[in-house]
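Reading through the structure tokens given below for one structure.
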Amino acid sequence: MRATLRAARLRADRTAAGAAAPVGPLHQLVDAHGIDTVLLAALDVQGRLKGKAFDARVLLERLRSDRISPEMCGYVLGTDLGMTAPRTGAFSWESGFGDIALLPDTQQARVLPWLPSTAIVLADPISGGFPHPLAPTTVLNEQWHRLASLGLVAAVGIETEFVLYEGIARDAAAAGWQGLRPAVRDNRDYSLDLPLPVREFSRRLRQVLAGSGLPVEAVKGEGAPGQIEVTFPYGEVTAMCEQHLLFKHAAKTVADEQDLTASFMAALPGGVGNGMHLHVSLHDFDDRPVLAADANDGTALSGLGEQAVAGLLTVLPETAPLWAPYVNSYRRYGDHSFAPARFTWGRDNRSCAVRVVGHGRSLRLEVRLPGADANPVLALTAVLAGVRHGIEAGLKPRDASVGDAYQDVAAEAVPRSLAEALAGFEASTLAAELLGERVVAHLASVARLDLDHHAARVSDAELERGFTQA
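Per numbering that gives the first Met the number 0: the sequence shown = residues 0 to 469.
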């Protein structure tokens with residue numbers, strides 16, 4: 000953990016200094032793997048990779064010779080899923096849609112085996128030589144460093160669910176998203192006899208991710224037709240987020256190769272919900288786990304572990320747009336849906352928002368609130384802020400839920416809509432204190448774009464109900 004902290008500080012110092020990234024590692028990668036295309040990519044606010052595909056030699060020459068950093072239009076940090084041009088805010092018509100500078104991390108360049116002769120370099124948005132204050136990675140790193148100031152380092156393992164459909168997305172769009180056919184017709188939860196196309200998809204996905212240095216821990220069938228869950232090993236928070244972003248890119252590409260479509264929407268037709276479960280552990284700088292009362296065995300939380308749970312149950316209700324960012328996100332939550340309906344916690348209890356699982360050194364907190372549509376960087380920002388707040392304030396959690404937590408009506412309910420969640424987020428003095436007023440205002444403006452999009456549309460349900468009957 001000391002090495003992780005030291006590396007993070009060095010990277011922050013390099014960013015602050017505006018130093019050019021060394022091109023040696025990228026040059027070696029290009030030569031060793033016959034790379035002709037390099038994707039220079041930054042993370043947008045929705046959790047997607049945005050950037051340009053460069054000729055490898057041209058990019059190497061530019062990075063060697065240019066004193067000016069690569070740039071892209073800043074609105075990628077402030078737009079919605081449909082790339083709507085915001086009217087107001089930091090990245091909008093008011094700002095003139097200017098560019099932001101990017102600092103490429105060429106030392107972490109990696110091959111993308113799911114694309115021919117292609118590598119990727121991730122870049123940090125910068126402003127005035129420092130990390131851009133509204134970039135998702137900056138917002139997360141701020142919480143990481145504040146937790147580190149308490150002598151604590153978080154690690155995370157991410158589980159993500161998605162649904163495989165037959166046919167490519169273009170055809171589904173042409174059909175108005177009607178008649179979607181899951182690649183598996185029934186519930187194959189934990190099944191080892193998935194249909195051949197799904198097995199071939201799974202094998203290809205694992206192979207290309209391993210070839211990119213992103214080994215998968217496990218792939219399993221989930222509890223809805225066509226639903227798959229992929230689990231990755233534990234690791235440092237930022238690295239695991241980057242891994243997740245590349246995994247989604249690979250999953251969609253591999254699916255398209257095989258005439259399939261992978262959907263990470265939180266709520267899909269037929270009552271299907273896709274979750275993203277965040278398994279979070281805490282250690283001190285000597286790599287000693289701190290969540291368990293007994294690090295050698297047992298399932299009881301330490302006093303600090305209880306404070307972390309209490310912080311999550313306090314902060315997550317007020318930061319919902321970070322882990323449930325869309326109108327559709329809130330259709331996933333409901334009684335006995337395996338998605339939480341209330342802000343509860345319990346030991347090995349999948350009906351809770353926070354599930355305490357494992358024992359001894361492996362004891363961890365599974366946050367079950369985010370959907371697969373969430374940006375893991377922002378979801379983990381809320382999680383780390385909650386953990387830190389609980390520890391700093393010395394909070395005590397409510398009693399653990401036992402049995403069916405959906406019946407624990409004394410617990411606060413998950414917001415019923417993005418509108419409700421957004422109102423609470425904007426009114427929250429705690430969110431502003433933990434994240435900063437400017438960050439809250441920015442993320443609220445992005446969430447409002449999704450609300451405005453849906454408010455301007457007449458849904459199929461409205462037409463069905465009212466076209467002839469009103």
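Note that beta-carbon positions come from the ideal geometry of N, C-alpha and C, so glycine has one too.
Quiz item: Which runs of the alpha helix (DSSP H) spanning at least 4 residues fall entirely within the region 90-129, listed in chain order?
Solution: none
Quiz item: Can you tell me whether DSSP reads residue 257 as helix, strand or coil?
Solution: coil
Quiz item: Which of helix, strand or coil does DSSP assign to residue 143?
Solution: helix
Quiz item: Does the Cβ-Cβ distance between residue 411 and residue 341 come in under 8 Å?
Solution: yes
Exercise. Thinking residue 470 and residue 296 are a contact (beta carbons under 8 Å), I'd like their distance in whole angstroms, please.
Key: Limits of the chain in this structure are 0 at one end and 469 at the other, which puts residue 470 out of reach.
Quiz item: Which one of 264, 402, 119 has the shortest CA to CA distance from residue 29?
Solution: 119
Self-check item: Secondary structure of residue 458, DSSP reduced to three states
Solution: coil
Quiz item: Using CA coordinates, which residue listed in 362, 40, 226 is at the minimum distance from residue 301?
Solution: 362
Quiz item: Which residues in the same chain as residue 473 place their Cβ atom closer than 8 Å to its Cβ, once the five residues preceding and following it in sequence are excluded?
Solution: With the chain covering only 0 through 469, there is no way to say anything about residue 473.
Quiz item: Is the beta carbon of residue 339 sitting closer than 8 Å to the one on residue 373?
Solution: no
Quiz item: Between residue 448 and residue 78, what straight-line distance do the alpha-carbon atoms span, to the nearest angstrom?
Solution: 8 Å
Exercise. For the region 138-154 and the region 242-254, state whether three or more C-beta atom pairs, one from each stretch, are separated by less than 8 Å.
Key: no
Practice problem: Can you check DSSP and say which residues form a bridge with residue 276? | Solution: 158
Quiz item: If you draw a straight line from the alpha carbon of residue 80 to that of residue 45, how long is it in whole angstroms?
Solution: 7 Å
Quiz item: If you compare alpha carbons, which of 462, 443, 64 is closest to residue 88?
Solution: 443
Exercise. Just the C-alpha distance for residue 496 and residue 233, rounded to the nearest angstrom, thanks.
Key: Lying outside 0 to 469, the shown extent of the chain, residue 496 is not represented and no answer is given.
Quiz prompt | Sequence-distant residues of its chain with Cβ nearer than 7 Å to residue 433 (five each side left out) | solution = 314, 384, 388
Quiz item: Comparing alpha-carbon positions, which option in 277, 184, 280, 160 lies nearest residue 229?
Solution: 160
Self-check item: Length of the line joining the Cα atoms of residue 276 and residue 64
Solution: 43 Å
Practice problem: Answer yes if the region 424-433 comes into contact with the region 392-412, meaning at least three C-beta pairs across the two stretches below 8 Å, and no otherwise. | Solution: no
Practice problem: Provide the residue span of the beta strand (DSSP E) that contains residue 50, from first to last. | Solution: 48-54
Quiz item: Using DSSP with H/G/I as helix, E/B as strand and the rest coil, what is residue 83?
Solution: coil
Quiz item: From this set, 208, 231, 238, 200, which residue's C-alpha is nearest residue 225's C-alpha?
Solution: 200
Quiz item: Going straight from the alpha carbon of residue 415 to that of residue 451, what length do you get?
Solution: 17 Å
Quiz item: Using a Cβ-Cβ cut-off of 8 Å (strictly less than) and excluding sequence neighbours within five positions of residue 122, which residues of its own chain qualify?
Solution: 39, 40, 41, 50, 69, 101, 102, 103, 104
Quiz item: Could you check where the beta strand (DSSP E) with residue 471 kicks off and where it finishes?
Solution: Not covered by the structure: residue 471. The range shown for the chain is 0 to 469.
Quiz prompt | Exposure label - residue 148; buried when at least 16 CB within 10 Å | solution = exposed
Quiz item: With a Cβ-Cβ cutoff of 8 Å, do residue 55 and residue 75 count as a contact?
Solution: no
Quiz item: Cβ-heavy atom distance between residue 78 and the ligand FMN below 7 Å?
Solution: No copy of the ligand FMN occurs in the structure displayed, which carries no ligand at all.
Quiz item: Can you tell me whether residue 247 is buried or exposed, with buried defined as 16 or more other CB within 10 angstroms of its CB?
Solution: buried
Quiz item: For the beta strand (DSSP E) that contains residue 364, what are its first and last residues?
Solution: 363-366
Quiz item: What do you reckon, are the CB atoms on residue 458 and residue 403 nearer than 8 Å?
Solution: no
Quiz item: DSSP on residue 228, reduced to helix/strand/coil?
Solution: strand
Practice problem: Determine the direct distance from the alpha carbon of residue 25 to that of residue 178, and round the result to whole angstroms. | Solution: 45 Å
Quiz item: For residue 352, which of helix, strand or coil comes out of DSSP?
Solution: coil
Exercise. Look up residue 70 in the DSSP assignment and say whether it is helix, strand or coil.
Key: strand
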